[in-house]
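These notes are about the structure you will find just below.
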Amino acid sequence: MLTASWIPPTGEQLAVIDACTAGGNVVVEAGAGTGKTSTLLMAAIAMDGKRGIYLAYNRTTAQAARKVFPASVTCVTAHALAYRAGGYRYDHRLPGRAQRMPSWGVASVLGIGQDLPLGKDLVLTRAHLARIVMATVERFCHSDSPVIGAAHVPGVRGLDADSFAELTWQVVPMARLAWADIRVPDGRLPFKHDHYLKLWQLNGPTIPAAFVMFDEAQDANPVTAAIVQNQHDAQQIIVGDSCQAIYGWRGAQDTLPGWPCDQRLRLRQSFRFGEQVAAEANKWLDTLDAAYRLAGLPTIPSTIGTVSDPEVIICRTNAEAFEQARAAQLAGRRAAFGGGTLELKQLAEAALDLNTTGRTGYAELAAFRRWGQVRDYVRTDAAGADLAAGVRLIDKHGAAAILAMIDQLSGTKTAQVIAITAHAAKGHEWERVRIAADFREPSARGPVPRSEAMLAYVAVTRARIRLDRSGLAWIDTHPPVTAKKEPAMKTRKPDPDDEPTVVKDLISSPYAGGRAQAESGCRIIASEYDAWSAISTMPGDHPKVTQLGQVWHSIRNRDLGDDPGPAGVRYRMLSHAAAALAAVPDLAKQPAERAALEKLAGHARIHSGRLHATAEQMFLRSRKSGPYTGNQAEARSGSRIIEDDYRAWSRTPTASRVARDSALSTHDKRIRETWDQIRSRGLADGPSAAADRYQDLAATAAALADAFTPALPSADLPVLLNLANHSAKHAIRLRATADVLMAEAPAADQTVQAVARQFEVPPGTSTSARSSDGQEGGVSSRRLTRARRSSQARAERER
Amino acid sequence: MTIPDDRIITVPVLRQALGLPAERPDGVRDLLAVPCGLGDSVPPRDAWRLALGDWPEIWHQSPGTGPVFLVMLEGAASPYFVATVEEILPGRWGSDPESPPDRRVVPVRGTDYAATAKLAGCRVQTDLTFGWDDVGERYAFL
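Chain order of the listed sequences is V and A. Numbering-wise (my numbering), the first sequence opens with residue 1 and increments by one. Numbering-wise (my numbering), the second sequence opens with residue 1001 and increments by one.
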């Protein structure tokens, strides 16, 4: 509770006040009830009217602070500042004012048209994928990162490391697209308060104040902490308690221990309770292995024991809090539900409406037509988690009964008893407190999870005079094991070290989002290359390190400036060079480095495949994929390019090595045989048969490129890939030419021989000659269009 | 930096003529190049919108890593000729958060950079191609 006490400051408080007036950045670790607000208030007054900001954790705290702080100090939340700075532009899209959008709607907006197969037998539905994308955006908004990256993708139960890598690869670009929509004022995706806070942080805001007092820093999201830490022109006064960091589950990080500062001080003398409650609190501080212990105020006669008429019942869950309020009400006491009843009331009314009319006036649920849909939404959609407790209560008691109960509940100011969760109770204090029984002892009598120990510490330190600790009494008999440290978020944070070793399946879908999306792929590869560089133990002059460095240099020089095709070839080289280095025996004892290289190789391969698919799609859509309008003369020039490619390949020392390599010689033999066919037949038997041969050559060259062993030099891979790519394109154009000729031939002459004869035009025909019927080189523009469409359709089918 | 009499320059020479290091440092994309067809009129200077995705945000966060010059190269394919050089205001990268990722604003100053006078018409030796589909996607970092 925010109160201003005018008791003479203790030595600890004086030290804080002196540090604040001295002007440096100060971090204060303040135990429960140690008068941190009074201390901050005294410091603000001592700072002689300087203009300051008191940054509160939530609106209630900010409102309470406004009543006690001097006018020179503005008491606000970070969200309020962000809202004023530009968040108001999104007013119409904020929760409560816009319809809730189910995940299938999000999938439609994002253009997620297909389910995503992962691994051998797992398929993520479009809706599930959309949920993961939006969860990724949420995690990004809680973070201090400038862009969405792989670390923001939440873990998914049941996915192995390889599948998770594939998922990450798909989700990050989609999340970036989603964020691009969200940040536009008239975007279509759901907009949340955290979104405008993130937008504000990305703009690098300056808070116009001489000092910023940042309260409850242990529960700040990194995004808020980053805003405060960037206030280089303002004095930073950071206050909090690492033992009350109870919002880690939703992305908060305790930034207190690492906050850069000039002085770090503690407040341990509690003014809220006496020695017995302090002793009870210290049991939990022991469990948390905290750096301090509380001292109770001897003048407060706090006791521990049964409380028959508690002012407040602190519960672990909302459901229990509602049950306690209901029970108290049935027992004839004026009871209040500390979690707030407005939302529950609206939800119950919506349930009644949906069950009876299939419509609800509750704007947030306007998209639903049955209560069952809301139930499914809450059960399966992370975005609906905030409604889960309410939905469970309605399902248990019935909507009508809930509404009746709510009508009979009192407000917190007039209630004789308030039932409240520990989360909601934080920051408050009462004379008589009872702890409910839903704080469960760990079943295996193992260590108490750290988050649960912190909640217990918060719960027991709310009492001033009398504490009924029955719901947490098990701590006396629980084995004295330090609370287990756990990840900040419940969802799995991807660990770079446990990500995939080799990505098995090449994802060959083109970058539908164009270059902007492809750039994000490049960014992932760059970060992985940097990650490997940071831990590399290999000598810089090792041939495979040099090779990888050279390939990387070529990528860094060009980025995606070229066509996606050549860019794809460069990333394919990178994949090979990284895999080749990973295969070096010296790295057997460096599993982390090897894993980093294998990850780089896998992702570079996927990126290469997607760039190749993008280039192929562009080719098929362009005029370049149409028939050879100059008939055989132009087609021959295409063949000459392939001939040059083949000669270039066969001249490389690698081609000779491949011929001698028992594992690769089969590929080499097939390429030679195919080439012999091409050389002996040329285009003589018509474009269709020639197209088949060039298609074979493309396939055999691609197969050899796939089989390129780590021992072979990456530098020769592009030669082979060029042969494969050019052959494939040549085949497409030859087929298009054959289609045109076939369409023009009389029905009776539609034989391969007839087509071949037509294809062989008399020498001297100009490739640019335009005939009287509008034909160009013997092929009309209408036929060109038809042929291009036909070739595109065929190539799409084949692909 | 002296421009050769034949007015054929390499990318390192172009960079040095603009006061940039001859070779682009790691992680730095300080020279942005866009192509235009031979004889095309130079587009309005306040309308540079490219498919930069979220590069502008990154460059806003790390001002030293983003483009400071935009060079317009004339030609459908190599050889390219320098058409104009514009100065970019690095502090204004990311000032268009509402733009879609494929239409991010390049915050140019709006006047030809002084070096344009000596660089315009120079032939740039590079095998670079600009093969992306959309006009806004055709750019490169030199």
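The beta carbon of each residue, even a glycine, is placed where N, CA and C say it ideally should be.
- Here DSSP, grouped into helix, strand and coil, assigns V/Q114 to coil.
- Boundaries of the beta strand (DSSP E) harbouring V/D468: A463 to D468, taken from the DSSP string.
- Exclusion of the five residues before and after A/M1072 leaves V1034, C1036, V1042, A1083 and T1084 as the residues of its chain whose Cβ lies within less than 7 Å of its Cβ.
- DSSP places V/C243 within a helical segment (H, G or I) once states are collapsed to three.
- Residues of chain A with a Cβ closer than 8 Å to the Cβ of V/D559 are, in chain order, R1029, A1140 and F1141.
- Taken in chain order, the whole alpha helix (DSSP H) runs of length 4 or more contained in the segment 276 to 364 of chain V are 318 to 330 and 342 to 357.
- Within the model, the alpha-carbon separation for V/A601 versus V/P510 is close to 19 Å.
- Taken in chain order, the complete beta strand (DSSP E) segments of 3 residues or longer contained in the segment 12 to 45 of chain V are 26 to 30.
- Sequence-ordered contacts of the segment 1096 to 1108 of chain A with chain V read P1097, E1098, P1100, P1101 and D1102 [C-beta pairs closer than 7 Å].
- If the five residues before and after V/R681 are omitted, its C-beta is found closer than 8 Å to the C-beta atoms of A689, A690 and R693, all from its own chain and listed in chain order.
- Non-local beta-carbon contacts of A/L1018 in its own chain, meaning distances under 6 Å to residues more than five positions away in sequence, involve F1069 and A1115 in chain order.
- Following the DSSP letters along the chain, one finds V/A707 in no alpha helix (DSSP H), marked with neither H nor E.
- Proximity of V/V109 to chain A, defined by a Cβ-Cβ separation below 8 Å, is not satisfied.
- Checking the DSSP bridge columns, you'll see A/V1034 partnered with A/M1072.
- For V/V184, at least one C-beta of chain A is nearer than 8 Å to its own C-beta.
- Put simply, the CB of A/Q1125 is far from chain V, with every gap to its CB atoms at 8 Å or more.
- The Cβ-Cβ distance between V/A615 and V/G549 does not fall below 8 Å.
- Taking a contact as a CB-CB distance under 8 Å, the pair V/L697 and V/W649 does not count as one, their CB atoms being some 11 Å apart.
- For V/L267 against V/T39, the beta-carbon gap comes to about 6 Å, under 8 Å, which counts as contact.
- Rounded to whole angstroms, the separation of the alpha carbons of V/I112 and V/M213 is 44 Å.
- Nearest in C-alpha terms to V/A178, of all of V/S108, V/I435, V/A328 and V/V27, is V/S108.
- Nearest Cα to V/T34 within the set V/A281, V/H79 and V/L81: V/A281.
- The residue from A/A1051, A/G1053 and A/T1065 with its alpha-carbon nearest to that of A/R1024 is A/T1065.
- For the options A/T1129, A/G1136, A/I1008 and A/D1134, the alpha carbon positioned closest to that of A/S1078 is the one of A/T1129.
- Classified as exposed, V/G258 has fewer than 16 neighbouring CB atoms from the shown chains inside 10 Å of its CB.
- V/A319 and V/G390 have their C-alpha atoms spaced approximately 8 Å apart.
- V/V73 carries a strand assignment under DSSP once its states are collapsed to helix, strand and coil.
- Chain A has a Cβ within less than 8 Å of the Cβ of V/G514.
- Per DSSP, the continuous alpha helix (DSSP H) segment holding V/V171 begins and ends at A161 to I182.
- Shown here, V/M101 sits in coil according to DSSP, grouped into three states, outside any helix or strand.
- Per DSSP, the unbroken alpha helix (DSSP H) holding V/I606 starts and ends at P591 to R621.
- Measuring C-alpha to C-alpha distances from A/D1026 to each of V/A613, V/V153 and V/Y529 identifies V/Y529 as the nearest.
- Contact note: A/L1052 reaches chain V through A516 and E519, using a C-beta cutoff of 8 Å and chain order.
- Between V/I53 and V/T77, the CB-CB gap reaches or exceeds 8 Å.
- Neighbours of V/V658 in chain A, taken as residues whose beta carbon is under 8 Å from its own, are absent, since the nearest beta carbon is some 27 Å off.
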